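**Q**
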Amino acid sequence: MAERSFVKEVQKLRLGAGETFHGEGILAITKALLQCGVGYVGGYQGAPISHLMDVLADAQDILGELGVHFEASASEATATAMLAASVHYPIRGACTFKSAVGLNVASDALANLASGGVTGGALIIVGEDYGEGSSIMQERSHPFAMKSQVWLLDPRPNLPSIVKAVEDGFELSEVSNTPVMLMVRIRSCHVTGSFETKDNKRPEMTVADALENPRRDTNRIVLPPASFLHEKEKVEKRMPAAVDFIRSRRINEFFGPERGKAGIILQGGMYNSVIRALQRIGLADVYGETDVPLYVLNAVYPLIDDEVVDFCEDKDSILIVEEGQPNYLEQAIASMMHKKGVDTRILGKDILPMAGEYTGQIMLDGISAYLRANAPELLAAQVLAPNAPGENTLAADLAKVVPGRPPGFCTGCPERPIFAATKLIEQELGPHHISSDIGCHLFSIMPPFELGATTMGYGLGPASASAFNSPDAKRRSISFVGDGGFWHNGLTSSIGNAVFNENDGVIVVVDNFYSAATGGQDILSSRADNPTKSTKHPITDAVKGMGVKWVRHIDRTYDVTKVRAALREALTTEEKGPKVIVASSECMLNRQRREKPLVAKAISGGERVVKPRFGVDEDVCTGDHACMRLSGCPSLSVKKLDDPLRDDPVASIDHTCVGCGNCGEVADAAVLCPSFYRADVVHNPGWWDRFANRVRSKVTGFLQTRREKRRLTFADA
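Anchor point for the sequence shown: position 548 equals 548 in UniProt numbering, and the numbering is continuous, going up by one each time.
Here you go:
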């Protein structure tokens with residue numbers, strides 16, 4: 001169950017020649033794949049590319065009509081290895097995943113694929129996740145392309161350019177027998193626009209056809225001596241073929257005047273930000289016509305030497321807009337200029353930041369500074385936006401008053417009680433070394449839990465604790481891995497490694513029924529019925545199959561007492577070897593997405609529906625706020641009372657509460673206080689509900705009246 005359904009939108013994939021497509025970049029990429037006659041597609045979800053996987057999943061009927069095979073791959077390495085179908089067969093194939101973590105995982109398959117080369121077009125669509133809003137380490141796709149000699153396209157962020165890049169990518173791959181990487185940033189994935197469509201193409205050879213006519217070419221297999229010849233072929237044949245194609249197809253674009261004192265060379269993905277900065281300066285109009293010469297690199301690898309030299313040689317200086325570091329383009333272009341004897345001054349990271357996302361303000365400030373120093377005549381009649389009164393101080397003023405908002409668990413998240421129990425067991429047994437993993441559970445490193453020391457990769461939480469498997473240790477390590485990471489890499493690299501090395505640590509598998517952090521896609525252990533995938537494979541069975549003897553399964557993580565007991569047993573048992581606790585409860589976001597429409601339909605249909613709500617008795621709450629220190633739920637807040645005798649604010653639960661009960665469970669497990677209560681809201685009550693409510697109201701009213709009389713009696717005395 002993905003967080004967003006594209007069932008309605010995918011009907012646009014049926015548009016034919018001459019019609020106009022309107023929509024998001026993600027859907028446009030899918031349409032472009034079908035127009036290009038793709039034969040098979042695989043991939044692994046991850047921002048900002050998750051929605052592309054969701055679109056493909058929702059479009060399987062259309063893919064089936066065309067004979068296109070699609071599968072959600074077990075990992076990025078699996079997706080890249082899938083492109084092996086294009087090595088011997090003239091079938092166009094594509095795979096997609098998040099970068100750069102996806103390329104880290106896929107690098108072995110990518111290197112082998114690039115070594116042997118391809119016969120059919122092979123396109124790797126990577127979602128570039130770089131910058132302040134990223135969820136990963138700050139790395140780029142560029143070095144992977146250069147390392148394995150895979151051509152890298154970085155199209156301008158508009159739908160016609162993105163669609164053209166898909167078409168060019170397949171042809172470039174076929175012409176040069178080399179895989180091609182298509183890089184799309186967050187804004188490219190979600191930019192909206194339109195383009196003129198073409199008819200979808202059925203692949204000339206499907207994967208089913210290939211199975212009926214098997215082929216092999218020993219020279220394409222990565223094994224000496226062929227592997228040594230591959231490197232020679234890359235340099236002597238594939239690279240020249242790629243350069244000729246990029247040049248003849250005019251994949252890179254030129255904008256603005258042909259000549260000028262100053263110019264800008266930029267990655268295609270940076271075009272919108274650059275042109276917006278020039279518009280704000282007054283050197284470009286709303287149609288993109290600019291007074292500054294621009295050389296837009298829709299193909300950033302390989303570079304076309306003569307194009308670069310022709311653009312630079314009549315200019316005094318060039319600004320290179322290259323997001324991220326190292327500055328590969330700047331170094332390569334400076335080397336070109338030196339070898340050709342061109343004395344154009346090359347500027348880049350000395351004006352723009354060396355690292356970090358090039359936001360609109362950074363781009364505006366950098367380009368303004370460059371033009372002010374190198375082409376002041378262009379700015380003579382312009383009022384520079386950075387000098388506008390108060391514009392630069394606004395962000396600084398906001399930073400002083402707007403609090404930081406680190407990532408945290410959602411309201412009702414079933415993972416929160418797991419870490420509350422971990423915190424409680426540490427209060428009892430002392431601190432432990434805790435290894436974290438990629439996924440929602442990584443939020444445990446933040447307050448109020450502040451647990452976890454490292455995170456080394458998806459599914460590698462237990463593996464990153466393996467060094468602490470010392471025979472002299474008096475204390476066991478604890479490590480966490482999510483169900484998504486478990487199936488991606490953790491079963492072999494973490495669980496298998498722990499069994500093989502007789503690791504004595506404690507491993508907690510956080511099972512929320514989905515690959516939740518990437519958008520709620522189904523995985524092997526999902527409980528849902530999936531019409532095209534095999535689900536309902538228990539994690540406990542897989543763990544036992546790997547040889548783990550000590551396994552405990554908790555089927556309701558909100559039972560903090562039970563989770564704490566399981567952790568205590570795992571940390572104190574005399575039994576040696578890995579101890580695995582599988583803690584299962586459905587992701588609350590996905591549960592709400594699934595249940596809310598059903599509940600709304602039931603209520604509107606007159607059915608009786610009971611919805612639990614939790615609250616805090618203000619008269620009982622002491623205001624020590626220990627519940628928040630062990631929960632951190634966003635729906636838990638504080639409230640100031642009107643009572644002049646009570647200065648401390650009390651706990652309060654707001655309207656966002658989803659009724660998970662964790663606050664009360666934590667209170668019980670921590671022996672905090674009885675101030676939490678549960679109230680059941682009954683929609684469409686029956687006669688018994690009304691009768692019971694009248695009885696309760698009368699009894700409650702009687703008791704309240706009697707208490708008030710007693711209070712007045714004591715007051716008079």
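All C-beta atoms in this analysis are idealised placements derived from N, C-alpha and C, irrespective of residue type, glycine included.
The model shown is predicted, which means the values in this text are computed figures rather than measured ones.
Please specify which runs of the beta strand (DSSP E), each continuous and at least 3 residues long, are wholly inside the segment 423–488, giving them in chain order.
**A** Counting whole runs of 3 or more residues, the segment 423–488 contains the beta strand (DSSP E) stretches 434–436, 478–482.
**Q** Tell me the rounded alpha-carbon separation between residue 661 and residue 558.
**A** Near 7 Å, if we compare the C-alpha coordinates of residue 558 and residue 661.
**Q** Determine the burial state of residue 708: buried for a count of at least 16 other Cβ atoms within 10 Å of its Cβ, exposed for fewer.
**A** Exposed is the call here.
**Q** Taking the alpha-carbon positions, what's the residue 636 to residue 525 distance?
**A** So the alpha carbons of these two residues sit roughly 31 Å apart.
**Q** Check whether the segment 240–257 and the segment 118–135 are in contact - that is, three or more C-beta pairs closer than 8 Å.
**A** The segment 240–257 vs the segment 118–135: no contact.
**Q** Check each candidate in 177, 348, 257, 594 and name the one with the smallest Cα separation from residue 514.
**A** It is 594.
**Q** Could you give the distance in angstroms between the alpha-carbon of residue 417 and the alpha-carbon of residue 631?
**A** Residue 417 and residue 631: Cα-Cα distance of roughly 7 Å.
**Q** Quick check: what's the CA-CA separation for residue 346 versus residue 321?
**A** Going from the Cα of residue 346 to the Cα of residue 321 covers about 11 Å.
**Q** Taking its Cβ as the centre, do 16 or more other Cβ atoms sit within 10 Å of residue 96, making it buried, or is it exposed?
**A** Buried, because 16 or more other Cβ atoms sit within 10 Å of the Cβ of residue 96.
**Q** Please classify residue 489 as buried or exposed, where buried requires at least 16 other C-beta atoms within 10 Å of its C-beta.
**A** Per the 10 Å Cβ criterion, buried.
**Q** My understanding is that residue 629 touches residue 424, with C-beta atoms under 8 Å, so please give their C-beta distance in whole angstroms.
**A** That pair is no contact at about 11 Å.
**Q** Pair every Cβ in the segment 479–499 with every Cβ in the segment 456–465, then say whether three or more of these pairs are closer than 8 Å.
**A** In short, these stretches touch, since the Cβ pair count reaches three.
**Q** Would you report the Cα separation of residue 263 and residue 351, rounded to the nearest angstrom?
**A** The alpha-carbon atoms of residue 263 and residue 351 are separated by roughly 14 Å.
**Q** Is residue 189 helix, strand or coil by DSSP?
**A** Note: residue 189 maps to helix in three-state DSSP.
**Q** Could you check if residue 119 is buried or exposed, using at least 16 other CB atoms within 10 Å of its CB as the buried criterion?
**A** So residue 119 counts as buried.
**Q** Within a Cβ cutoff of 6 Å, which residues of the same chain sit near residue 675, ignoring the five residues on either side of it in sequence?
**A** Only 616, 617, 620, 621 meet the Cβ criterion.
**Q** Determine, using beta-carbon pairs with one atom in the segment 187–206 and one in the segment 22–40, whether at least three such pairs fall under 8 Å.
**A** Touching, yes.
**Q** Measure the alpha-carbon distance for residue 290 versus residue 369 and round it to whole angstroms.
**A** C-alpha separation (whole angstroms): 17 Å.
**Q** Ordered along the chain, which non-local residues of its own chain (more than five positions away) have a Cβ less than 7 Å from that of residue 165?
**A** Answer for residue 165: 153, 155, 182, 298, listed in chain order.
**Q** Tell me the rounded alpha-carbon separation between residue 450 and residue 434.
**A** The alpha-carbon atoms of residue 450 and residue 434 are separated by roughly 10 Å.
**Q** Just the C-alpha distance for residue 286 and residue 338, rounded to the nearest angstrom, thanks.
**A** About 37 Å.
**Q** Check whether the segment 176–190 touches the segment 127–142, taking contact to mean three or more Cβ pairs, one atom from each stretch, closer than 8 Å.
**A** They touch, by the three-pair rule.
**Q** Give the straight-line distance between the Cα atoms of residue 522 and residue 601, rounded to the nearest whole angstrom.
**A** Near 25 Å, if we compare the C-alpha coordinates of residue 601 and residue 522.
**Q** So, is residue 217 buried or exposed, given that buried needs 16 or more other C-beta atoms within 10 angstroms?
**A** Classification for residue 217: exposed.
**Q** Would you call the CB atoms of residue 543 and residue 508 closer than 7 Å?
**A** No, Cβ-Cβ distance for residue 543 and residue 508 is not below 7 Å.
**Q** So, for residue 309: in the same chain, excluding its five sequence neighbours on each side, which residues have a beta-carbon less than 8 Å away from its beta-carbon?
**A** Closer than 8 Å at Cβ, skipping near neighbours: 336, 337, 340, 342.
**Q** Where do the ends of the beta strand (DSSP E) carrying residue 72 lie?
**A** Taken as a continuous stretch (DSSP letters only), the beta strand (DSSP E) holding residue 72 covers 69–72.
**Q** Taking C-alpha atoms, which residue in 436, 586, 419, 604 lies nearest to residue 685?
**A** With distances taken between Cα atoms, residue 685 lies closest to 604.
**Q** Could you check the C-alpha separation between residue 131 and residue 359 for me, to the nearest Å?
**A** When rounded, the distance between both Cα atoms is 9 Å.
**Q** I need the straight-line Cα distance from residue 372 to residue 379, nearest angstrom please.
**A** Going from the Cα of residue 372 to the Cα of residue 379 covers about 7 Å.
**Q** Exposed or buried, which one is residue 354 when buried takes at least 16 other CB atoms within 10 Å?
**A** It counts as exposed.
**Q** Report the rounded CA-to-CA distance for residue 658 versus residue 254, giving the unit in angstroms.
**A** So the alpha carbons of these two residues sit roughly 54 Å apart.
**Q** For residue 556, count neighbouring C-beta atoms within 10 Å of its own C-beta (all shown protein chains included) and say buried if the count is 16 or more, exposed if not.
**A** Its Cβ having fewer than 16 others within 10 Å, residue 556 is exposed.
**Q** Please state whether DSSP places residue 706 in a helix, a strand or coil.
**A** Correct three-state label for residue 706: helix.
**Q** Where does residue 188 land, buried or exposed, given buried means 16+ other C-beta within 10 angstroms?
**A** Classification of residue 188: buried, given that the 10 Å Cβ count is 16 or more.
**Q** Please report the straight-line C-alpha distance between residue 195 and residue 46, rounded to a whole angstrom.
**A** So the alpha carbons of these two residues sit roughly 26 Å apart.
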